[in-house]
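Novice: Numbering (our numbering), first residue to last: 2 to 275.
Beta carbons are placed, not taken as given, at the ideal position from N, Cα and C, and that holds for glycine.
Fair warning: this is a prediction, and the values are worked out from it, not measured in the lab.
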């Protein structure tokens, strides 16, 4: 109703606006508490001690103390809280959705599941938990995660772009101001690039030797966007945590479906891939 009759938005019949404002206040309180704690820690610690225990908020606090923020920023607290909250929010749902997909795909492909677990047993063993330092040796596990992101990107449509000037692309005239959505789902299923693009894990290892779309010549795999518009949580909390989480799940649990029935992998039509 509010979209059709914007002048009635102030009535807030369902209480959505009030709920969002209350949530924003709660989040701001939590972030401010964390920020104050990290500032207090920075005041107490010096030299190597703080360098060895730094997290993302510590880095932002040190940037503030060393004057690395632009002088145009008037409210440092709001800036730091916004940056930290973006990192948290941008990664959480993406990681959760991707983990659901990769586990579902492995359950539906038991031979792939077995191969990943054998790789873990070979490189890590069964006497200790896999650590982040082990991940570079788990090539097949990395390929499985990339293949999941290729087949089922969390954001099938990337951040909208707009032409800054008139231009010609592949024989088409694109006037300035033209809006453009990049269809990552289609790009990542291009038969000219991917062998059997609609088949899960087909040639996963060889195909995923290409880049992630990260500031390089390869743009075949773009689950997090590319260049400066890529998702804020992608390299830090997203990929690193997903690799370790998947490895520990596969190491600690024997996964199988009830009565060995396959998993329903039917997709739905949404802007985001649930």
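By Cβ distance, which residues of its chain are closer than 8 Å to residue 64, with the 5 residues on each side in sequence left out?
Specialist: For the purposes of this step, residue 64 is taken as the residue at position 63 of the chain shown. Here the set comprises 70.
Novice: Which of helix, strand or coil does DSSP assign to residue 206?
Specialist: Along the chain shown, read from residue 1 onward, the residue named residue 206 stands at position 205. With a pLDDT of 47 at residue 206, under the threshold of 50, the predicted position of this residue should be treated as unreliable, though the coordinate-derived value follows. If DSSP states are grouped into helix, strand and coil, residue 206 belongs with the helices.
Novice: Rounded to the nearest angstrom, what separates residue 184 and residue 59 at their Cα positions?
Specialist: Indexing the chain shown from 1 puts residue 184 at position 183. Indexing the chain shown from 1 puts residue 59 at position 58. If you take the alpha carbons of residue 184 and residue 59, they lie about 37 Å apart.
Novice: Comparing alpha-carbon positions, which option in 253, 8, 88 lies nearest residue 132?
Specialist: Translated into positions along the chain shown, residue 132 becomes position 131. Minimum Cα distance to residue 132 is reached at 253.
Novice: Got a sec, what are the start and stop residues for the beta strand (DSSP E) residue 174 sits in?
Specialist: For this step, residue 174 is matched to residue 173 along the chain shown. Here the beta strand (DSSP E) through residue 174 covers 173-175.
Novice: Here's the rule: buried if 16 or more other CB atoms are within 10 angstroms of the residue's CB, otherwise exposed. What is residue 217?
Specialist: Locating residue 217 in the chain shown gives position 216, where the first residue counts as 1. Because residue 217 sits at a pLDDT of 40, beneath the cut-off of 50, its placement in the model cannot be relied upon, and the following sentence gives the value as read from the coordinates. Its Cβ having fewer than 16 others within 10 Å, residue 217 is exposed.
Novice: Under the rule that 16 or more other beta-carbon atoms within 10 Å means buried, what is residue 255, buried or exposed?
Specialist: Numbered from 1 along the chain shown, position 254 holds the residue referred to as residue 255. Residue 255 comes out exposed.
Novice: In terms of residue numbering, what span does the beta strand (DSSP E) encompassing residue 170 cover?
Specialist: One-based indexing of the chain shown puts residue 170 at position 169. Run containing residue 170: 168-170, per the beta strand (DSSP E) assignment.
Novice: Nearest-angstrom Cα distance between residue 223 and residue 165?
Specialist: Along the chain shown, read from residue 1 onward, the residue named residue 223 stands at position 222. Along the chain shown, read from residue 1 onward, the residue named residue 165 stands at position 164. Going by the C-alpha atoms only, they are around 22 Å apart.
Novice: Going by C-alpha to C-alpha distance, which of 44, 28, 125, 72 sits closest to residue 251?
Specialist: The residue labelled residue 251 in the question sits at position 250 within the chain shown. For residue 251, the nearest C-alpha among the options comes from 125.
Novice: Keeping to the same chain, check which residues put their C-beta closer than 7 Å to that of residue 234; ignore five residues upstream and five downstream.
Specialist: Numbered from 1 along the chain shown, position 233 holds the residue referred to as residue 234. With a pLDDT of only 44 at residue 234, under the threshold of 50, the placement of this residue in the model should not be trusted; the figure read from the coordinates follows. Hits under 7 Å: 88, 91, 92, 95.
Novice: Our contact map puts residue 121 next to residue 139 with C-beta atoms below 8 Å; I'd like the distance itself, whole angstroms only.
Specialist: Counting from one through the chain shown, the residue named residue 121 turns up at place 120. Counting from one through the chain shown, the residue named residue 139 turns up at place 138. Confirmed, Cβ separation roughly 7 Å.
Novice: I want to know whether the segment 73-87 touches the segment 23-36 - three or more CB-CB distances under 8 Å.
Specialist: Counting Cβ pairs under 8 Å, three or more are found: they touch.
Novice: Out of 45, 68, 9, 245, which one is the CA nearest neighbour of residue 130?
Specialist: Residue mapping note: residue 130 aligns to position 129 of the chain shown, counting from 1. Out of 45, 68, 9, 245, 245 has the C-alpha closest to the C-alpha of residue 130.
Novice: For residue 35, report the span of its alpha helix (DSSP H) as first-last.
Specialist: For the purposes of this step, residue 35 is taken as residue 34 along the chain shown, with counting starting at 1. From DSSP, the alpha helix (DSSP H) with residue 35 extends over 17-45.
Novice: As a quick exercise: from 266, 264, 249, 243, pick the residue whose alpha carbon is nearest that of residue 99.
Specialist: For the purposes of this step, residue 99 is taken as the residue at position 98 of the chain shown. Cα-wise, what sits closest to residue 99 is 243.
Novice: Can you tell me whether residue 184 is helix, strand or coil according to DSSP?
Specialist: Locating residue 184 in the chain shown gives position 183, counting from the first residue. Reduced to three states, the DSSP call for residue 184 is strand.
Novice: In terms of DSSP beta bridges, what is residue 158 paired with?
Specialist: In the chain shown, counting from the first residue as 1, residue 158 sits at position 157. Answer is 184.
Novice: Which of helix, strand or coil does DSSP assign to residue 120?
Specialist: Stepping through the chain shown from its first residue, residue 120 is reached at position 119. Helix.
Novice: Quick check: the segment 100-119 against the segment 145-163, are there 3 or more CB pairs under 8 Å?
Specialist: Cβ pair count under 8 Å is three or more, so yes.
Novice: According to the Cβ coordinates, are residue 160 and residue 168 closer than 7 Å?
Specialist: If you number the chain shown from 1, residue 160 lands on position 159. If you number the chain shown from 1, residue 168 lands on position 167. The answer is no: Cβ separation not under 7 Å.
Novice: Would you call residue 20 buried or exposed, if buried means 16 or more other Cβ atoms sit within 10 Å of its Cβ?
Specialist: Start at 1 with the first residue of the chain shown, and residue 20 comes out as number 19. It is exposed - the Cβ of residue 20 has fewer than 16 other Cβ atoms within 10 Å.
Novice: On the premise that residue 28 lies in contact with residue 86, defined as a C-beta separation below 8 Å, what is that separation, rounded to the nearest angstrom?
Specialist: Taking the first residue of the chain shown as 1, we reach residue 86 at position 85. Taking the first residue of the chain shown as 1, we reach residue 28 at position 27. Right, their Cβ atoms sit about 7 Å apart.
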